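See structure below.
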């Protein structure tokens, strides 16, 4: 009996309690707004509660793995992920115009989700192995390791997940020593491209104009962002209705379960990608600030763990996970507010979905593992 108690106590020591407290608050807030979004405690509400439980145990399992064990998993996990993405490419199942799922016989999986962890894990391992002797060639190799899954995911097409994978991997490269001077040309090129896009929007958004590098639906999303009123009942409907919901919430909000846009079914995908519109309409500006404060604490805790990490692998991995949370929040709230195109990125711990929640749980578990780890030399 004593051994069992000791094992339970030891298992509980893996938790980072400040991080866990933030996650519990986000979970409570997420379930509260999910109750309003679905209009009660129907099947989707209970499913989300189950998803949170699965994510919790996934986080616990990841927290029990020490960073050295995570490093041993980096290469095989990355190779498995790329192999599954190739499987999707040649034998994937198509749904709603996208080929993102792979049927393994016992169930369907979405391999792109695992790459949100596998890519930064692989790159953190690579830079840890080459610390102290980094060359330009090492960053080229890292870029190739990042480009392979990014290209395969973008081709499905799943631009939202591809962006998250790229952001997580790029943060590892930047924290690993990539010079900011090398990024200046890319920033200038992006600024010129954005300016040109806005200037030539009336011409390039005309029907029949092929953008070559983007699918037709992705072109419509960008054009809708630039001018939602161009197709208010079609491609611009999501953006217009979410902006109305966010704006109508005002400073104090309309009150819990009193949102008209959501409860009259004007907000599409209100339990997934656009759940922030439901939240902002009911809780207003003050509620939005409170939610952003919680996300800020989550990201700050992740960066704090990165600063205190004992190894190069730990620093890079923790920094990448923290910045991945930032990208999740920035992209989702940006697209709901009408400043970014709709790309299908969920709001962390708020949007409905089991796979995304499990991925986020594993990311938090990795942060807890890194925070707890003390090398034997100490």
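Residue numbers (our numbering): 209 to 586.
Yeah, the Cβ is synthetic: ideal placement off N, Cα and C, and Gly gets one too.
None of these values were measured; they are calculated from a predicted model.
Ranking 287, 276, 247, 222 by CA distance to the CA of residue 336 puts 276 first. Per the Cβ contact rule, the segment 316-326 is not in contact with the segment 506-521 (fewer than 3 Cβ pairs under 8 Å). By DSSP's assignment, residue 317 forms a beta bridge with 310.
Counting only unbroken stretches of 4 or more residues, the alpha helix (DSSP H) elements lying wholly within the segment 267-307 are 275-299, in sequence order. Contact check for residue 499 against residue 237 passes: the beta carbons are separated by less than 8 Å.
Here the alpha carbon of residue 535 sits roughly 23 Å from the alpha carbon of residue 492.
Under the 8 Å Cβ criterion, the segment 222-229 does not count as touching the segment 442-459, having fewer than three qualifying pairs. For residue 487, the uninterrupted alpha helix (DSSP H) segment begins and ends at 483-516.
Under the three-state reduction of DSSP output, residue 577 falls in the helix class. Ranked by Cα distance from residue 477, the first of 554, 302, 395 is 554. Of the candidates 473, 579, 365, 353, the residue whose Cα lies closest to the Cα of residue 308 is 365.
When the five nearest sequence neighbours on each side are left out, the beta carbons in the same chain lying within less than 8 Å of the beta carbon of residue 346 are those of 334, 335, 338, in order along the chain. Cβ-Cβ distances below 6 Å link residue 431 to 413 in the same chain, with the five nearest sequence neighbours on each side left out; the list follows chain order. Comparing alpha carbon positions, the residue from 331, 567, 559, 564 closest to residue 244 is 559.
In the DSSP annotation of this structure, the continuous segment of the alpha helix (DSSP H) that includes residue 523 starts and ends at 520-545.
DSSP places residue 242 in the uninterrupted alpha helix (DSSP H) bounded by 225-246. As the crow flies, the alpha-carbon of residue 310 is around 16 Å from that of residue 362.
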